[in-house]
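Numbering of the sequence shown is given in our numbering, commencing with residue 110 and proceeding in unit increments. Glycine included, C-beta positions come from ideal geometry on N, C-alpha and C.
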Amino acid sequence: MRVAVFATCLVDGLFPEVGKATIGLLRRLGHDVDFPLRQSCCGQMHVNTGYPRETVALVRNHVAAFAGYDAVVTPSGSCAGAIRHQHADVAAEYGDARLAEEAAAMAARTYELSQFLVDVLGRVDVGAYFPHRVTYHPTCHSLRVLRVGDRPLRLLRAVRGLDLVELPDAESCCGFGGTFAVKNSAVSTAMLTDKMRAVLDTSADVCTAGDASCLMQIGGGLSRLHSGVRTVHLAEILASTEKP
């Protein structure tokens, strides 16, 4: 199987360790993983803020960048959701039927990391070791668009040394929502406050999720509180194998 990793803008620009962890994990599981250098933004931000026409060129680039791969894996439910549920529609809306067909085929072989591990590879125990008290935040796109369900939780429960604690009101949004946090900062901050309170109520050392964007929002708030709680991407936990 030819596998490529789509890093996403946020991972590439701000959290490169998440991309490295994703590639390292997949290679540890026996896959020869590529990182196509032509990849760029998936265009989700453009569509969500009302610029779908400007997204067509990004869809075209994405399809070309990942052509020929059997699977494209991304450590982001948000971007995986955009590729699966926006790309083909955007191309069709602006009259490029061939691109719409290619984008639909690409969508069918694009996976969020937990989906790929559980559904494609059939792996729940990936040999990880992470001796910390952890709570999991199910991000909105992974939960409601991709419907990843309990796959991340199943993976976390199999991590040696990890104490998984349930997050109160887990399905509530953290308040990020991309440009929502900028355009509606007061509402975003109120939502974040509720999410941070829930995280702190667990007495967890670490809050994890499958999207770097939500972890940036939650982690930023927790750091300003000097709470001592870290945010760690799911990929980083699953890639961790160090033992004392």
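Remark: C-beta atoms of Val338 and Leu309 approach each other more closely than 8 Å. About 15 Å separates the beta carbons of Ala318 and His241, which is beyond the 8 Å limit, so they are not a contact pair. Nearest to Gly128 by alpha-carbon distance, out of His140, Ala214, Phe144 and Asp234, is Phe144.
Here the C-alpha atom of Asn170 lies approximately 34 Å from the C-alpha atom of Cys316. Residue pairing by DSSP puts Ala113 in a beta bridge opposite Asp143 and Val181.
Bridge partners of His342 according to DSSP: Ala318. Short of 6 Å from the beta carbon of Gly330, and not among the five residues preceding or following it, lie these beta carbons of its own chain, in chain order: Leu301 and Met305. Around the beta carbon of His342, a 10 Å sphere encloses 16 or more other beta carbons of the protein chains shown; the residue is thus reported as buried.
Note that the C-beta distance between Thr288 and Thr164 is not below 8 Å. The alpha-carbon separation between Asp314 and Ala130 amounts to approximately 20 Å. For Ser294, the number of other beta carbons within 10 angstroms of its own is below 16, and it is reported as exposed.
Our two residues, Arg136 and Val142, have alpha carbons roughly 6 Å apart in a direct line.
In the DSSP annotation of this structure, Thr164 is not part of any beta strand (DSSP E), being labelled neither H nor E. Glu221 sits buried, since 16 or more C-beta atoms from the chains shown fall within 10 Å of its C-beta. As computed with DSSP, Glu221 is found in a beta bridge with Thr183. For Leu301, no beta strand (DSSP E) run applies; the uninterrupted alpha helix (DSSP H) run containing it begins and ends at Ser294 to Asp310, by DSSP.
Scanning the stretch 201 to 249 from its first residue to its last, the whole alpha helix (DSSP H) runs of 4-plus residues come out as 206 to 217. Counting only residues of its own chain and dropping the five nearest sequence neighbours on each side, Gly190 has a CB closer than 6 Å to the CB of His250, Val254 and Leu255.
In the three-state scheme derived from DSSP, where H, G and I count as helix and E and B as strand, Leu252 is classed as helix.
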